[in-house]
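Enquirer:
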Amino acid sequence: MQEWQKLLSRSVVKVEDLPFIPESEEYRERLRKVAEVFPIRINSYFLDQIKSADDPLWKQVVPTEAELEDFFDEEDLLISDPLNEEGDMPVPELVHRYPDRVLLMLNNQCPIICRFCTRKRKIGFPGIVTRETLRQGIEYIREHTEVRDVIMSGGDPLLVPDNELDRILGELHAIPHLEIIRIGTRVPGTLPQRITKELCDILKKYPPLFFNIHFNHPSEITPEVEKGLGMLAEAGIPMGSQTVLLKDVNDDSAIMKELFHKLLKNRVKPYYLFQADMTLGSNHFRTMVQKGLDIIRDLQGHTSGMGIPAFVVDTPGGGGKVRLLPDSVVEFNEKEVLLRNYDGKVYRYPQPTSETSEKETSSKDNVCQMTA
1378 MQEWQKLLSR SVVKVEDLPF IPESEEYRER LRKVAEVFPI RINSYFLDQI
1428 KSADDPLWKQ VVPTEAELED FFDEEDLLIS DPLNEEGDMP VPELVHRYPD
1478 RVLLMLNNQC PIICRFCTRK RKIGFPGIVT RETLRQGIEY IREHTEVRDV
1528 IMSGGDPLLV PDNELDRILG ELHAIPHLEI IRIGTRVPGT LPQRITKELC
1578 DILKKYPPLF FNIHFNHPSE ITPEVEKGLG MLAEAGIPMG SQTVLLKDVN
1628 DDSAIMKELF HKLLKNRVKP YYLFQADMTL GSNHFRTMVQ KGLDIIRDLQ
1678 GHTSGMGIPA FVVDTPGGGG KVRLLPDSVV EFNEKEVLLR NYDGKVYRYP
1728 QPTSETSEKE TSSKDNVCQM TA
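Heads up, the sequence shown is in the numbering used here, so the first residue is 1378 and it goes up one at a time.
1) Quick one: what's got a C-beta closer than 6 Å to residue 1643's C-beta in the same chain, skipping five residues either side?
2) Can you give me the start and stop residues for the beta strand (DSSP E) that residue 1482 sits inside?
3) Please check the pair residue 1678 and residue 1719, which I expect to be a contact at CB under 8 Å, by giving their CB distance rounded to whole angstroms.
4) Please name the residue in 1658, 1635, 1657 whose C-alpha comes closest to that of residue 1647.
5) How would you write the range of the beta strand (DSSP E) that residue 1616 sits in, first residue to last?
6) Quick check on residue 1690: does DSSP put it in helix, strand or coil?
7) On a CA-only basis, which of 1671, 1411, 1693, 1561 is nearest residue 1653? Give me that one, please.
8) Assess, as a yes-or-no matter, whether the stretch 1515 to 1526 is touched by the stretch 1426 to 1443 under the definition of 3 or more beta carbon pairs within less than 8 Å.
9) If you compare alpha carbons, which of 1506, 1468, 1597, 1651 is closest to residue 1669?
10) Roughly how many angstroms lie between the CA atoms of residue 1514 and residue 1425, to the nearest whole one?
11) Keeping to the same chain, check which residues put their C-beta closer than 7 Å to that of residue 1469; ignore five residues upstream and five downstream.
12) According to DSSP, is residue 1637 helix, strand or coil?
13) State whether the stretch 1382 to 1393 contacts the stretch 1410 to 1417, with contact taken as three or more CB pairs (one from each stretch) at a distance under 8 Å.
14) Where residue 1661 and residue 1590 are concerned, what is the direct C-alpha to C-alpha distance, given to the nearest angstrom?
15) Determine the DSSP secondary structure at residue 1701, reduced to helix, strand or coil.
16) Put residue 1535 into one of helix, strand or coil per three-state DSSP.
17) Starting from residue 1652 and walking both ways along the beta strand (DSSP E), at which residues does that stretch end?
Dropping the structure here:
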């Protein structure tokens, strides 16, 4: 058994073993009711990073009474699917929402179970993702030549053993029309011991392979995490980070700036900042949309552009991702555009006039004649 597997085997999965919770048996019983519907898992590495009940890591993984506030009835809990992923599944556990790409679920197990997870209805339960659903998913990709991009997700694909992950990557890589493979994972930040030389040797065999890594707070980036990210970078894996905006965890511009700077230092590009999904049992994590816009505005001009992610809402009901921007366009018409910069000053940008456009067109025609 490898070190990461030992750490995973020592995960906290029972209310009795949770850190920093009240001793009240009544309170513990209420948490047990939450855990019956939404399981608990905190691997022993991540558990060691939690310092108190005010810790941003604690808030992400330890169930609280607030999860009970969204409870309606058993049927609602079991079918809760805020992004209507089930409605875009032509075969089990494969989501085909956008024309040229699909999301393929390899498993439904994670190194930690986030209390705000979009797939709370699936994560930690047995028998949902199986070898047969995986076979059907890969066959679907083979048959649909319009698919050029596959995102391996779950659960967390990196909890799949090396030999099985090697087999799956090999099958996908052999599909002629598949141009890129992406792995969506939280493992590098929550179980960094999983990033081994053996794993990197497997990953190097299947370029172009990209990692979408989930980071929410700068305290997640420990020396162990930095070592793992370095190994992935040296293996030639381009890495982007996806961050969820969470109330009382990271809804602060200074915290986000620190996180994004640490990611860049470790060769991870901040990719998406997500507005928290409307997942049953996690309403207490959601912020106002304006908060995300304010954070993006605060970052602009005060850090490098490559350190600013796109702020997106994954629209309820399956509408897909919509990018949101601070109000930088003050006014525009045929003559000019008024633009507000990062520190609030307004600048005028003249639109090209019809006369200018005609001159540009004429100039292009002359160049074409000269080079014909």
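The beta carbon of each residue, even a glycine, is placed where N, CA and C say it ideally should be.
Expert: Concretely, from the data shown:
1) Here the question's residue 1643 lines up with position 266 in the sequence shown. Cβ within range, chain order: 1603, 1606.
2) For the purposes of this step, residue 1482 is identified with residue 105 of the sequence shown, where counting begins at 1. That run of the beta strand (DSSP E) goes 1478 to 1482.
3) In the sequence shown, counting from the first residue as 1, residue 1678 sits at position 301. In the sequence shown, counting from the first residue as 1, residue 1719 sits at position 342. Going by Cβ atoms, the distance from residue 1678 to residue 1719 rounds to 3 Å, so yes, they are a contact pair.
4) Counting from one through the sequence shown, the residue named residue 1647 turns up at place 270. For residue 1647, the nearest C-alpha among the options comes from 1635.
5) Locating residue 1616 in the sequence shown gives position 239, counting from the first residue. It spans 1616 to 1622 - the beta strand (DSSP E) in which residue 1616 sits, taken as one unbroken run.
6) Counted from its first residue, the sequence shown places residue 1690 at position 313. Reduced to three states, the DSSP call for residue 1690 is strand.
7) The sequence position of residue 1653 within the sequence shown is 276, counting from 1. The shortest Cα separation from residue 1653 among 1671, 1411, 1693, 1561 belongs to 1693.
8) Short answer: they don't touch.
9) Counted from its first residue, the sequence shown places residue 1669 at position 292. Across the set 1506, 1468, 1597, 1651, the C-alpha of 1651 shows the shortest separation from the C-alpha of residue 1669.
10) On the sequence shown, position 137 is the one that residue 1514 refers to. On the sequence shown, position 48 is the one that residue 1425 refers to. In a straight line, the C-alpha of residue 1514 is about 37 Å away from that of residue 1425.
11) Locating residue 1469 in the sequence shown gives position 92, counting from the first residue. Here the set comprises 1510, 1513.
12) By one-based count along the sequence shown, residue 1637 stands at place 260. Correct three-state label for residue 1637: helix.
13) yes
14) The count along the sequence shown starts at 1 and reaches residue 1661 at position 284. The count along the sequence shown starts at 1 and reaches residue 1590 at position 213. Between residue 1661 and residue 1590, the C-alpha separation is close to 24 Å.
15) As a position in the sequence shown, residue 1701 is number 324, starting the count at 1. Residue 1701 sits in a strand when the DSSP states are folded into three classes.
16) As a working note, residue 1535 is residue 158 in the sequence shown. Residue 1535: helix per DSSP, three-state reduction.
17) Walking along the sequence shown from the start, residue 1652 turns up at place 275. Where residue 1652 is concerned, the enclosing beta strand (DSSP E) stretches over 1645 to 1652.
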